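*Asks:*
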Amino acid sequence: MDNYSEEKAKAELQKRQKNFSEEDVNKIINKEKEIESKFRNQRKLNQFLDDFKILLSMIKDYYSGRYREVPWYAITAAGATLLYILSPMDLILDFIPIGGYIDDAAVFLFCMNQIKGEIEKYKLWKEMGISATK
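Every letter in the sequence shown is one number past the one before it in numbering that gives the first Met the number 0, and letter 83, counting from 1, is 82.
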């Protein structure tokens with residue numbers, strides 16, 4: 000995580016999770032292209048593009064009611080992380096050369112590690128649903 004500590008990432012994520020609401024889920028869905036653009040265009044985030052797509056898909060399936068097997072804490076962690084990445088005014092301002100996206104990547108990695116079990120369950124559910132429809 001370079002110069003950005005896991006403790007800072009954890010504290011930032013937990014702070015944002017406390018205030019996360021279903022209204023925030025709607026914001027993520029409405030800002031999907033903008034968030035995806037950050038993952039596509041920033042070197043520190045680009046390596047996580049596929050993981051971003053899984054998180055977004057899980058949030059959307061939860062919001063639509065198709066997948067409710069995920070606990071709310073996992074949705075708040077994923078959602079708060081994506082909103083953090085969307086915000087240009089986070090702990091290390093995104094427009095700062097080189098370091099601007101280090102904190103975004105650190106928070107994203109911390110989130111992925113915290114909910115990896117839920118992500119794996121979701122991916123299995125998704126694969127089973129896709130193979131069942133073929």
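Just so you know, even glycine gets a beta-carbon here, dropped at the ideal spot from N, CA and C. None of the values given here were measured: they were computed from a predicted structure.
Express the C-alpha separation of D102 and I95 in angstroms, rounding to a whole number.
*Replies:* At I95 the pLDDT is 47, less than 50, meaning the model places this residue with poor confidence and gives no usable figure here.
*Asks:* Comparing C-alpha positions only, which one of Y61, E126, L123 sits nearest to V24?
*Replies:* Measuring from the Cα of V24, the nearest candidate turns out to be Y61.
*Asks:* From the DSSP output, in three-state form, read off G128 for me.
*Replies:* The answer is helix: DSSP assigns G128 an H, G or I state.
*Asks:* Throw me the rounded Cβ distance for the E11 and Y83 pair, which I believe falls under 8 Å.
*Replies:* Yes, E11 and Y83 are in contact; Cβ-Cβ is about 7 Å, under 8 Å.
*Asks:* Look up D93 in the DSSP assignment and say whether it is helix, strand or coil.
*Replies:* The predicted position of D93 is uncertain, since its pLDDT is 43 and thus under 50; a value taken from the coordinates is nonetheless stated next. Reduced to three states, the DSSP call for D93 is coil.
*Asks:* Would a check of beta-carbon distances place E22 closer than 8 Å to chain B?
*Replies:* Reference to chain B is not applicable here, since this structure consists of a single protein chain.
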